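Accompanying notes for the structure given below.
Structure below.
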């Protein structure tokens, strides 16, 4: 327990434990692999200009 706590705490402090909020919203398929693996779940992006 202590070893893993230290490891994950170090990753958290380094900022590499989680992806950014933008990457969460875009989806990890796109940001990590460059493709959409489940296109039926993709919601169209609409912008208000």
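In my numbering, the protein residues as written are 2 to 50. Glycine included, each C-beta is placed from N, C-alpha and C at the ideal position. Every value quoted in this text rests on a predicted model; they were computed, and no experiment measured them.
Taking the CA atoms as reference points, residue 27 sits about 26 Å from residue 11. In the DSSP annotation of this structure, residue 33 is not part of any alpha helix (DSSP H), being labelled neither H nor E.
Here DSSP, grouped into helix, strand and coil, assigns residue 12 to helix.
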